[in-house]
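The numbering of the sequence shown is this note's numbering, which starts it at 38 and goes up by one.
Report on one structure; see the data block that follows.
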Amino acid sequence: MRIILVGYGVVGKGVTTIIARRYLEKVKDYGFSPKIVAIADIDGAVINPRGLSPEKLEELKQRRAPTNPISADPDFGHPGMSALDVIESVEAEVVVEVTPVNIKNAEPALSHITKAFKTGKHVVTTNKGPLALAMPALTELAEYNNVYLRFSGTVGGGTPMLEFAKRCLAGDKILGIRGILNGTTNYILTEMPQNRVTFQEALTNAQKLGYAEREPSMDIDGFDTACKVVILANWVMNQKITLRDVDRTGIRDVSLQELDEAAKKGNTIKLIGSIENGKATVKPMEIPKNNPLCVSGVLNAITFFTEYAGEETLIGRGAGSMETASAVLRDLLDIRHKLANRLT
Ligand SMILES: NC(=O)c1ccc[n+]([C@@H]2O[C@H](COP(=O)([O-])OP(=O)(O)OC[C@H]3O[C@@H](n4cnc5c(N)ncnc54)[C@H](OP(=O)(O)O)[C@@H]3O)[C@@H](O)[C@H]2O)c1
């Protein structure tokens, strides 16, 4: 399987690492032989139609843009070549799209994904932007072009929340979903009562530890959770919704006093994304401290309310370079499996 990697940051580097490390065992176990034939970053690309060797991938990881970008590689570098040109001109089966999220117009990822579809390439992405803004249209476009779109790393990072719902609960009916889907806000809401700090102090700590961005709105105003709710609603509940359909409240106004009041009743406050009775919502909610969903720190958790199996809760790390890269590898294996079945 020939792969074009678009975006060479935290997740992109994780993807090249995991493919190099897991290569031999995946070839052996699944007959799966992934080859990264191109990497496109903001300022250019590296291309080798025969596949970039593990040694070359390791060498590229040491380069640092903007002074020493990957496109300056003497063997395979193409300075200034755009990701769109790479997707258009390089032969490959799959594009792995891992550029930064943008929930205003989903670019540049939306153009990368549609270009991949139009040139007959499957897409694996961890980028929530295009899915949050245009998931129904993108799934249709993928079907129209007879290609697959996979995005398991967009919800839960490496924790297989989407697959668990889709595959493991396939025999049941999912009636509702509730989740703590954002590690930053969960860290803040854990830190406030534990260390007796205000929202602002907890946010500053989260920023110091690298859990929160300098511009934290995406997390604390609930946009990130809302994007994940959209993906769950479309993929798991068959609801054709986008970001504007989610009723969203963030955690800026949660006070230490409210957390103390909740604690007196054996509860705490968490930012919960939910899909219940056909409504998609993100808001801070009181939940019992002994509820399985009530995880602390940067952990994520999700509960599926099912007709027969009852409540099923999955807990795990919701982000991280290698964690998210493992979701990308899972998606690549899934596409490989689907393609093999097409041939039989
Ligand atoms: N990090 C995680 O744990 C995690 C977990 C789940 C999902 N995600 C999602 O995965 C995606 C990637 O995350 P990340 O943490 O790897 O982000 P990142 O470290 O910012 O990496 C993104 C890379 O894409 C490059 N880029 C920007 N515009 C581009 C363009 N037009 N063409 C080609 N490359 C371009 C960036 O270059 P510059 O830096 O020069 O702009 C950067 O190298 C995001 O959508 C994120 O929300 C991340």
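Glycine is no exception: its CB is placed at the ideal position from the N, C-alpha and C atoms.
- Setting aside the 5 residues that flank it on each side, Ala-77 is surrounded in the same chain by Val-43, Ala-120, Val-123, each with a C-beta closer than 6 Å to its C-beta; the list follows chain order.
- Taking 7 Å as the cut-off, one finds no heavy atom of ligand 1 near enough to the beta carbon of Lys-265.
- Annotation: the continuous alpha helix (DSSP H) that includes Leu-178 extends over 165-181.
- A Cβ-Cβ distance of about 6 Å is found for the pair Asp-282 and Ala-317, placing them in contact under the 8 Å criterion.
- Around the Cβ of His-374, a 10 Å sphere holds fewer than 16 other Cβ atoms; the residue is exposed.
- Around the beta carbon of Arg-215, 16 or more other beta carbons lie within 10 angstroms, which makes this residue buried.
- Within the same chain, Gly-194, Gly-220 come within 7 Å of Ala-356 by CB-CB distance, once the 5 residues on both sides are set aside.
- The Cβ-Cβ distance between Ile-268 and Val-192 falls below 8 Å.
- Its Cα nearest to that of Ile-73, the residue Ile-84 stands out among Phe-201, Ile-84, Asp-80, Tyr-67.
- A contact is defined here as three or more CB-CB pairs under 8 Å, and the region 348-367 meets this definition with respect to the region 48-61.
- Spanning the alpha carbons of Phe-154 and Leu-178 requires a straight line of approximately 7 Å.
- Secondary structure remark: continuous alpha helix (DSSP H) runs of at least 4 residues inside the region 87-136, in chain order: 91-98, 120-126.
- Inter-residue distance for Pro-137 and Gly-81 is about 16 Å (C-alpha atoms, whole angstroms).
- In terms of Cα proximity to Asp-368, the closest of Thr-196, Asp-290, Gly-88 is Thr-196.
- In the DSSP annotation of this structure, Asp-297 is not part of any beta strand (DSSP E); the continuous alpha helix (DSSP H) holding it starts and ends at 293-301.
- Cβ atoms of Thr-343 and Pro-321 stay farther apart than 8 Å, at about 25 Å.
- Between ligand 1 and Lys-152, a heavy atom-to-CB distance of less than 7 Å is absent.
- The beta-carbon distance between Ile-306 and Val-291, rounded to whole angstroms, is 6 Å. This is short enough to meet the 8 Å contact definition.
- In the structure shown, Ser-254 falls within a helical segment according to DSSP collapsed to helix, strand and coil.
- When distances are taken from the beta-carbon of Tyr-45 to the heavy atoms of ligand 1, the shortest one is below 7 Å.
- Residue pairing from DSSP places Val-161 in a beta bridge opposite Val-133, Arg-187.
- Cβ-Cβ separation between Ala-239 and Met-255: approximately 17 Å, too far for a contact (criterion under 8 Å).
- In terms of Cβ geometry, Val-131 and Ile-40 form a close pair [threshold 8 Å].
- In the same chain as Gln-276, and ignoring 5 residues on each side of it, the C-beta atoms closer than 8 Å to its own belong to Ala-270, Ile-312, Gly-315, Ala-317, in chain order.
- By the criterion of a C-beta distance shorter than 7 Å, Gly-259 is surrounded in its chain by Arg-285, Thr-286, Gly-287, Leu-308, Val-319, once the five residues flanking it on both sides are discounted.
- In the three-state DSSP reduction, Gly-51 falls in the helix class (H, G or I).
- Annotation for Ile-372 indicates a beta carbon at 7 Å or more from all heavy atoms of ligand 1.
- Asn-337 is the residue among Ala-346, Leu-370, Asn-337 whose C-alpha sits nearest the C-alpha of Arg-354.
- Residue environment: Ser-108 is assigned as buried (16 or more neighbouring CB atoms within 10 Å of its CB, all protein chains considered).
- Glu-238 carries a helical assignment under DSSP once its states are collapsed to helix, strand and coil.
- Residues of the same chain with a CB within less than 7 Å of the CB of Ser-189, apart from the 5 flanking positions on each side, are Pro-197, Leu-199, Glu-200, Ala-364, Arg-367, Asp-368 in chain order.
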